[in-house]
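Just so you know, the sequence shown maps onto residues 1 to 311 in my numbering. For reference, the structure is listed below as structure tokens.
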Amino acid sequence: MISSQIADNTYTGLEIKNHKVSDVYRVWLDSYKDTVKTSTLVNVKQFFKNHILKDIGSYYIERLTPFKCQRVAQKWVLELPKTFNTLIIYSNKLLDYAVRFDYIRKNPMRMIIKPKKQAEHKEFTDFYTKQELNAFLKASKNENIKIYTFFRLLAYSGMRKGEALALKWSDIDFTSNTISINKTVSIGNKHRVVVNNTTKTKRNRAISMDARTMQLLKEWRFQQRRDLLRLGFNPFDKEQVVFQNFDNEVVHPNLVAVWNKRICDKNGLRRIKIHGFRHTHASLLCSYGRRKITARTCKHSNYNGHIHSRY
């Protein structure tokens, strides 16, 4: 009813004063979805489905008080300390929309006293030492050359997982030993792979690479071409991705975590997250006294020495 009135430009928001938060959410989402990337929209829907709507979705928006919002915020900071800020941000987006379109006069979430997350004093361990990295790469080499090349590239370039999966051979310059980072891969609706024509930071960059990694990429390209010819694909296509699946399409980001787990479980190795290879790259560069290079390569200009908190 509300959606159709808005579509016809006949809805003022003043006709009925019994709008549930969940109803307003559906109207807001219809306009919000066209302003963000698919991968962002998927995440936002999950925030609302799993948390925000569970706690305030059944309330009539006109009767949602600052006190209720305060209680919900305190619940989030205790139960979801890593994401409670995000939940408040998106709750405010929804309620600000409600103010703009005259559902309510004021946003009650903006009247709360924002709870403070308790400081965590956990030691940061999501990276490998040089010895651990060598052990992992040696184990990955026993899987196959594609997997070995992928993980070495992550560790020695500092690029993100999605950036590595989006690479095409045309992005790699074997003459200058550089790789252009200009796109990324993410997961969209129904877990489909989405290739975005911008990086996470929306800034393209070129990374200088070491000779051994570039040589390994050449070896992998040679093997890939043989495999693609055997399967009936054109291996010399300018759009050929560096890391392909069995259908010669971009590897699904979730598969990389499967590779990681398999290697560590089979070889009794400590497992870090995929993003931990980016931390590893930064840590190793810092150990060699190359902090400015670390910041430039990984695109963090305000590097202050606390490298692990910034990746």
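Even glycine gets a Cβ: it sits at the ideal position worked out from N, Cα and C.
Answer with buried or exposed for F136, where buried requires no fewer than 16 other C-beta atoms within 10 angstroms of its C-beta.
buried
Checking 8 Å against the spacing of the C-beta atoms, do L154 and V185 come in under that value?
no
So, is L87 buried or exposed, given that buried needs 16 or more other C-beta atoms within 10 angstroms?
So L87 counts as buried.
Is the beta carbon of L228 less than 8 Å from the beta carbon of N248?
yes
So what does V250 bridge to, in DSSP terms?
Q244
Element boundaries [beta strand (DSSP E), containing R205]
205-208
List the whole-angstrom C-beta distance separating R271 from R160, where the pair is believed to meet the contact cut-off of C-beta under 8 Å.
Actually they are not in contact, since the Cβ atoms of R271 and R160 sit about 18 Å apart, beyond 8 Å.
Less than 8 Å between the beta carbons of Y59 and K20, yes or no?
At a Cβ-Cβ threshold of 8 Å, Y59 and K20 count as neighbours.
Distance, N234 Cα to R152 Cα
26 Å
Whether K146 touches W220 by CB criterion (8 Å)
yes
Apart from the five residues just before and just after M111, which ones in its own chain have a Cβ nearer than 6 Å to its Cβ?
Excluding positions up to five away in sequence, the list reads P66.
Please name the residue in V27, G158, A139, T40 whose C-alpha comes closest to that of C286.
Of the candidates V27, G158, A139, T40, the one whose C-alpha sits nearest the C-alpha of C286 is G158.
Suppose only complete runs of 4+ residues qualify. What are the alpha helix (DSSP H) ranges in the region 157-233, listed by chain order?
161-165, 211-231
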